[in-house]
Amino acid sequence: MKKILGTILFIVMMVSLTACAGSSTAPSEEERLSVERAASETAEPESQEPEISEAEPESQEQEISEAVPEVLRGKRTLIVYFSYSGVTRGVAERLREKTGGDLFELIPVEPYSEDMYEASDRAEKERESGNLPELTEEFPDLSGYDVILVGGPVWSETLAPPVMTYLQSTDFTGKTVAPFWTYNNNQGDYEGDVRSQIQNGETGECLGLSYVSRYSEEELNQALDNWLQTIGLSDEGLAGREEARIVIRMGDTEIEAVLNGSEAAKEFQSMLPVTLSMTRMGEHEYYGALEQALTHTEDLQTGYAVGDLAFWTPGDLLAFYFDEPEKAPEGLMILGNITTDLAVFEQMAGSVEAEISLAE
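So the sequence shown is numbered by the numbering used here: it starts at 1 and just counts up by one.
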């Protein structure tokens, strides 16, 4: 009924205005709009229009906010990635869900061949010549972001050229940059390579994910959550997480490593100096039993980055990982990483004593 009355009112007023046209000017734009507004305000809402709860947007924002790791709350996050097979894209999208950040994909103007050998040959030529690929879109302005997560696959044990294009073209002054990467074989010194190309920013803890397809949903989420908890750096995220340098002497070889400052790493540090009998397992690790198991085991993960120093909780073993395993081990607590060239392990004996102490 209101809708009908509104329509009649509109017609009557328009007729009145028209009748006066002979002795006066036509209705102004303001007058016409006021008539239309009056009609619309008396009209009933269309029945097919759904009711929108004012509480819905707020509750959805609250859910996203609560899902973001505490160290990232209040910080704008950008996830920049290149993906060839879709694996890195999947990780980047999951990080987007966890951080509430923005996604930006690095897409070459000239796509890489679907033949991975041809793609690898082209990438090698691009790296050697310095003629890195041009990308399709202008890079995002970083002024509105605090944390930049940069991801890509490992190609020939180093960065894929599109990631190099981005890093070499971007000034990260005042930003926290945390790299992540995916791979199935040897990652080489990817971490060293990517750190060397980050210009002016503060580099956060890195994350290398091997054989992502072998992770269960829970395992992958846990690995990402553990990593995101470390990204706070100069703010509250790493408050109290002071790294400690240690020395590992295995026979005549001296190996340097860094403990990451986690509660478990601090507990291990309190045990030093310690001597362990280490045994070689295949071509990827040395392990040895601790006299006393670590009690801080809340941040367990599956898989490791080559060079990690870790505590394997199922067997209470300390492990040095210097190459890829056939299967990613479960129940790992990462304590730090080895900074010495991992080639020192290649000719080492099958059983050796390891003297571990704080560096002077």
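Think of the CB as a built atom: it goes at the ideal place given N, C-alpha and C, for glycine as much as any other residue.
Residues near threonine 203 in its chain [Cβ-Cβ closer than 6 angstroms; skip 5 each side]: The count along the sequence shown starts at 1 and reaches residue 203 at position 203. Taking threonine 203 as the centre and dropping the five residues before and after it, the same chain places the C-beta of Val177, Arg195 closer than 6 angstroms to its C-beta, in chain order.
Where aspartate 235 sits in the DSSP three-state scheme: Position 235 of the sequence shown, counting from 1, holds the residue named residue 235. Low confidence applies to aspartate 235: its pLDDT is 36, below 50, so where it sits in the model is not reliable, and the reading given next is rough at best. Per DSSP, reduced to three states, the secondary structure at aspartate 235 is coil, with no helix or strand assignment.
Burial state of methionine 116 (16 or more Cβ within 10 Å): For the purposes of this step, residue 116 is identified with residue 116 of the sequence shown, where counting begins at 1. Methionine 116 comes out exposed.
Sub-8 angstroms separation of tyrosine 304 and isoleucine 255 beta-carbons: Sequence index remark: in the sequence shown, residue 304 carries index 304 (1-based). Sequence index remark: in the sequence shown, residue 255 carries index 255 (1-based). Isoleucine 255 is positioned such that its CB atom lies no closer than 8 angstroms to that of tyrosine 304.
Those residues which DSSP pairs with alanine 319 across a bridge: On the sequence shown, position 319 is the one that residue 319 refers to. Bridge partners of alanine 319: Tyr287, Ala310.
Straight-line gap, glutamate 51 to proline 325 (C-alpha atoms, nearest Å): Along the sequence shown, one-based indexing puts residue 51 at 51. Along the sequence shown, one-based indexing puts residue 325 at 325. Confidence at glutamate 51 is low in this model, with a pLDDT of 33, below 50, so its placement is unreliable and the value that follows should be read with caution. Their Cα atoms are separated by approximately 56 angstroms.
Cβ-based burial, asparagine 185 [other Cβ within 10 Å; buried from 16]: In the sequence shown, residue 185 corresponds to position 185, counting from 1. In the assembly as shown, asparagine 185 is an exposed residue. Its beta-carbon has fewer than 16 other beta-carbons within 10 Å.
Buried versus exposed call for serine 83 [16 or more other C-beta atoms within 10 Å across all chains shown]: Here the question's residue 83 lines up with position 83 in the sequence shown. Flag for serine 83 reads buried.
Boundaries of the alpha helix (DSSP H) in which serine 83 is found, first to last residue: Indexing the sequence shown from 1 puts residue 83 at position 83. For serine 83, there is no enclosing alpha helix (DSSP H), since its DSSP letter is neither H nor E.
From Ala265, Tyr190, Glu134, Val258, residue whose alpha carbon lies closest to that of alanine 359: What you label residue 359 is simply residue 359 of the sequence shown in a count that begins at 1. When the alpha-carbon of alanine 359 is set against those of Ala265, Tyr190, Glu134, Val258, the nearest one is in Val258.
Burial state of threonine 295 (16 or more Cβ within 10 Å): Residue 295 sits at position 295 when you count from the first residue of the sequence shown. Threonine 295 sits exposed, since fewer than 16 C-beta atoms from the chains shown fall within 10 Å of its C-beta.
Between the CA atoms of proline 329 and proline 162 - distance to the nearest angstrom: Position 162 of the sequence shown, counted from the first residue, corresponds to residue 162. Position 329 of the sequence shown, counted from the first residue, corresponds to residue 329. When the Cα atoms are used, proline 162 and proline 329 turn out to be separated by approximately 31 angstroms.
Boundaries of the beta strand (DSSP E) in which glutamate 105 is found, first to last residue: Position 105 of the sequence shown, counted from the start, is the residue given in the question as residue 105. 102 to 105 is the extent of the beta strand (DSSP E) around glutamate 105.
Isoleucine 79 vs leucine 149 beta-carbon contact at 8 angstroms: Locating residue 79 in the sequence shown gives position 79, counting from the first residue. Locating residue 149 in the sequence shown gives position 149, counting from the first residue. For isoleucine 79 and leucine 149, yes; Cβs fall inside 8 angstroms.
Beta strand (DSSP E) runs contained entirely in the stretch 143 to 188, provided each spans 3 or more residues: You should have 147 to 155, 176 to 183.
Start and end residues, alpha helix (DSSP H) containing alanine 119: On the sequence shown, residue 119 is found 119 positions in, with the first residue counted as 1. Residue range 116 to 129 is occupied by the alpha helix (DSSP H) that includes alanine 119.
Residues that threonine 203 bridges to, as DSSP identifies them: Numbered from its first residue, the sequence shown carries residue 203 at position 203. Paired residue(s): Val177.
Three-state class that DSSP yields for glutamate 30 in the structure shown: Counting from one through the sequence shown, the residue named residue 30 turns up at place 30. At glutamate 30, the pLDDT of 40 sits below 50, so the modelled position is not reliable and the matter cannot be decided from this model.
Length of the line joining the Cα atoms of lysine 125 and valine 91: Indexing the sequence shown from 1 puts residue 125 at position 125. Indexing the sequence shown from 1 puts residue 91 at position 91. Between lysine 125 and valine 91, the C-alpha separation is close to 28 angstroms.
Exposure of asparagine 200, with buried meaning 16 or more beta-carbon neighbours within 10 Å: For the purposes of this step, residue 200 is identified with residue 200 of the sequence shown, where counting begins at 1. Under a 10 Å Cβ-count criterion, asparagine 200 is classified as exposed, with fewer than 16 other Cβ atoms of the shown protein chains found around its own Cβ.
Buried versus exposed call for isoleucine 248 [16 or more other C-beta atoms within 10 Å across all chains shown]: As a position in the sequence shown, residue 248 is number 248, starting the count at 1. Buried, by the Cβ-count rule.
Three-pair Cβ contact test at 8 angstroms for the stretch 214 to 227 versus the stretch 162 to 175: Cβ pair count under 8 angstroms is below three, so no.
Exposed unless 16 or more other CB atoms sit within 10 angstroms - verdict on serine 169: Residue 169 sits at position 169 when you count from the first residue of the sequence shown. Serine 169 is exposed by the Cβ-count criterion.
Sequence-distant residues of its chain with Cβ nearer than 7 angstroms to threonine 339 (five each side left out): The residue you call residue 339 lines up with position 339 of the sequence shown. Answer for threonine 339: Glu256, Ala257, Val258, listed in chain order.
Glycine 174 burial status per 10 Å Cβ neighbour count (16 or more: buried): Taking the sequence shown and counting its residues from 1, one reaches residue 174 at position 174. Glycine 174 is exposed by the Cβ-count criterion.
For isoleucine 107 and lysine 327, the rounded distance between their alpha carbons: Stepping through the sequence shown from its first residue, residue 327 is reached at position 327. Stepping through the sequence shown from its first residue, residue 107 is reached at position 107. If I take the Cα positions, the gap works out to 32 angstroms.
Three-state secondary structure (DSSP) of glutamine 269: Residue numbering aside, residue 269 sits at position 269 when the sequence shown is read from its first letter. In the structure shown, glutamine 269 sits in a helix (DSSP, three-state: H, G or I).
Glutamine 292 versus Thr313, Val306, Leu209, residue with shortest Cα-Cα distance: Reading the sequence shown from its first residue, position 292 is the one you call residue 292. Closest option to glutamine 292, Cα to Cα, is Thr313.
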